[in-house]
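Read through the structure below, which is laid out as structure tokens, and then see the notes.
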Amino acid sequence: MKTELLAPAKNIEIAKAAIDAGADAVYIGASDFGARQRAGNSLEDIQSLVNYAHKFYAKVMVTVNTIIKDSECKDVKNLIKSLYDIGVDSIIVQDMAILKWAIDGEIPPIPLHISTQCNNRDEEKVNFFNRMGLSRIVLARELSVEQIKNIIKKNPEIEIETFAHGALCVSYSGQCYMSQYIGGRSANRGECAQPCRKKYSIIDEKGNYLVKDKHVLSLKDFNTTQHLKELAEIGVKSFKIEGRLKDINYVKNVVSYYRRELDKYSDKTSSGRIFSDFTPNIDKTFNRGYTTYFLKEREKCFNFDSPKFIGEEIGTILKINRNSITLNLKKGVVLNNQDGIVFDKTGEIGCLINKADKNIIYPNKMPEHIKIGSKVFRNSDTKFEKELSNAKIKRQIGINIEYKDYLINATDEDGNKVSIDIKERESVKNIDKMKDSFVKSFYKTGDSDFYVKGEIIIASELPFIPVSGVNEYRRTLFNKLMNERLKNYKREVQKPLKYVDYPDKEIDYRGNVYNKDAKSFYNNCGVSVKEYAFEEEKPKREVEIMRTKHCIKYALNMCKFPDKLSLIDEKGEIFKLNFDCKNCEMSVCK
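For reference, each letter of the sequence shown is one residue, going 177 to 766 in my numbering.
Here it is as structure tokens:
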């Protein structure tokens, strides 16, 4: 069984680090039209990344997953053509206009992956894209293991990708218009201002405050570790790590961790062995606390106290002095100078440690409002971050070497084979010494992309070759083998698509139709488009600006109460909350 570990990359440096750490594929943004506007990259950088990734038979996917204006369609088509020309393996898309272009032959046959922004949360939607002939679909995060299993069972032809780790959008992806409504920054255009991480209050219909100034829409981060085996066994093809805005240490740490975990249950889809001198720890890298969300059963997936990284609990306050704090540390905790610590669950009260003397810390600034007995958390472990930054991580492809009859033969782990002739013919006096010199030189693969697996076979008598000559033969052989690998790289193509009936007969603003080609696509699938996208114009009626599986009533243990509730932001604007108790969903309306 093979599964893909798919890693995020803000730029080419992070993408290469992800591949080195064990990612089978990376997803990255181009200069425009990606759902993370601040994570764009030039075509030149993407081409360089493609060349690097393909050495290890790893894939490069590019996000083209915003909705598109009519005036932008020509530029998007040109971008897709350019991405295909430089060898990109697939693009991740949201706008249905791109599917129309594929059917009409206006873009090259690059594999199309349906973004989670398309609101892929039921069997009918997945079946629609499956019948069309799409390559892959990225499921909504809100689905349970059982739902994912049923989807795969009924749609075996399409690859299923699920999220495995990272930040959770509180809304169903593609169905959040809150940022657009509040400040004109559209999530469907890659500009989300993350209003879900702000403070809100909850009031009942009489104006009574049930919650005051809390992060009531802020979710914990996704962590599927305990369900990876089951998800792999039911047929999930790709496990996606969220985080195209995260830094290089975050990506190295999380990718290394999930590589080790997935290797317990399945094989890589890429090649090479990962050589690393550090042990990953996802508790020490940015997270808002972890949740498995709805994979098995509803849980407390929210964190009302803070959207920040609070860190790991390390002890309690034992004594507060004029310029130092004495802590009662948990067993095994060692503090370092410049560690970051916080003293409450909001993350608002904290400091850097100027000096750590065992359990006594000297802060850069003495925090106010701390109490003896309060819990202490570390959200920046200087020693771990330094080890991670300096970690030696190398990915190399296993090869077998054989010498026979003046030929040096190499076969890599994917079955690629090359040979080179040697020109020397002079016999040697000390055969064993020559063998030893030859073998030692070929084992010294150093910074190359290869390592020698097992024993080097000497099948016939070696002539005399100076050490410098053996080293040159090694370099020549490795270069030839890499060229052979790249020549034999199997690039997938998108099979022909066709129009099929859509599950619904009409769609409103939530269909995110922003251009005439997307409208035409839906019409060809038997759908009447009643409204254009919210970004074009807010409908002149009360509408959902967010729909979510995170229910405030459930969070407040009020499921059986008929109370009507509202959300108030920090500026005093009121948003109506509607509850779909049958489906256990909540809508924020305006």
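Even for Gly, the Cβ is constructed at its ideal location relative to N, Cα and C. All values reported here derive from a predicted model rather than from experimental measurement.
Self-check item: Sufficient close CB pairs (3 or more, under 8 Å) joining the segment 271-279 to the segment 637-651
Solution: no
Exercise. Please go through the same chain and pick out, in chain order, the residues whose beta-carbon is closer than 6 Å to the beta-carbon of R661, but skip the five residues on each side of it.
Key: N592
Quiz item: For N217 versus A229, is the C-beta spacing smaller than 8 Å?
Solution: no
Quiz item: Are the Cβ atoms of S291 and I324 separated by less than 8 Å?
Solution: no
Practice problem: Give the single residue among G448, L421, T455 whose Cα lies nearest to the Cα of E437. | Solution: T455
Practice problem: With DSSP as the reference, label N754 as helix, strand or coil. | Solution: strand
Quiz item: Whole-angstrom Cβ separation of K725 and C760, contact assumed at under 8 Å?
Solution: 7 Å
Quiz item: Going by DSSP, what residues sit across from R722 in a beta bridge?
Solution: It should be pointed out that residue 722 corresponds to Met in this sequence rather than to Arg. M722 pairs with V764.
Quiz item: Would you call L673 buried or exposed, if buried means 16 or more other Cβ atoms sit within 10 Å of its Cβ?
Solution: buried
Quiz item: So, is L583 buried or exposed, given that buried needs 16 or more other C-beta atoms within 10 angstroms?
Solution: exposed
Practice problem: Enumerate, from N- to C-terminal direction, the unbroken alpha helix (DSSP H) stretches of 4 or more residues contained entirely within the segment 582-623. | Solution: 607-619
Quiz item: Whole beta strand (DSSP E) runs in the segment 433-460 with 3 or more residues, listed along the chain?
Solution: 449-452
Quiz item: Does the Cβ-Cβ distance between V518 and G508 come in under 8 Å?
Solution: no
Quiz item: Which word fits S644, buried or exposed, when buried means at least 16 other C-beta atoms lie within 10 angstroms of its C-beta?
Solution: exposed
Quiz item: What residues in its chain sit with their C-beta under 6 Å from that of E419, if we drop five residues either side in the sequence?
Solution: Note that residue 419 is Gly in the sequence shown, not Glu. Taken in chain order, the residues that qualify are P184, G342.
Quiz prompt | Where F654 falls: helix, strand or coil (DSSP) | solution = helix
Quiz prompt | Backbone secondary structure at I525 - three-state DSSP | solution = coil
Self-check item: C-alpha gap between I369 and F626, whole angstroms
Solution: Per the sequence shown, residue 369 should be read as Ala rather than Ile. One C-alpha to the other measures close to 44 Å.
Quiz item: For the candidate residues A709, R297, V676, R686, whose alpha-carbon lies nearest to that of G702?
Solution: V676
Quiz item: Can you tell which of K382, V387, G366 has the C-alpha that lies nearest to the C-alpha of Y376?
Solution: V387
Quiz item: What residues match up with I634 in a beta bridge as DSSP calls it?
Solution: Y579
Quiz prompt | Residue from V719, L181, E712, F751 with nearest C-alpha to S446 | solution = L181
Quiz item: Looking only at its own chain, which residues have a Cβ that is under 8 Å from the Cβ of S617, when we skip the five neighbours before and after it?
Solution: V643, V646, N647, R650
Quiz item: Does DSSP put G359 in a helix, a strand or coil?
Solution: helix
Quiz item: Can L315 and E337 be called in contact, C-beta distance under 8 Å?
Solution: yes
Quiz item: Considering only the beta carbon of each residue, do F710 and Y353 sit closer than 8 Å?
Solution: yes
Quiz item: Is the number of C-beta pairs between the segment 427-441 and the segment 564-584 that are closer than 8 Å three or more?
Solution: yes
Quiz item: Apart from the five residues just before and just after K656, which ones in its own chain have a Cβ nearer than 6 Å to its Cβ?
Solution: V594
Quiz item: Considering D251, what are the terminal residues of the alpha helix (DSSP H) in which it resides?
Solution: 249-261
Practice problem: Please state if the CB of I262 and the CB of I222 are separated by a distance shorter than 8 Å. | Solution: yes
Quiz item: First and last residue of the alpha helix (DSSP H) that includes M308?
Solution: 299-308
Quiz item: For the segment 478-497 against the segment 356-368, are there 3 or more C-beta pairs whose distance is under 8 Å?
Solution: no
Quiz item: What are the boundary residues of the alpha helix (DSSP H) that includes Y538?
Solution: First-last for Y538: 536-539, but that is the beta strand (DSSP E), not the alpha helix (DSSP H).
Quiz prompt | L704 versus E524: straight-line alpha-carbon distance, rounded | solution = The sequence given here places Ser at residue 704; Leu does not occur at that position. Rounded to whole angstroms, S704 to E524 spans 50 Å at the Cα level.
Quiz item: Under three-state DSSP, which class holds A183?
Solution: strand
Self-check item: For M354, three-class secondary structure by DSSP
Solution: helix
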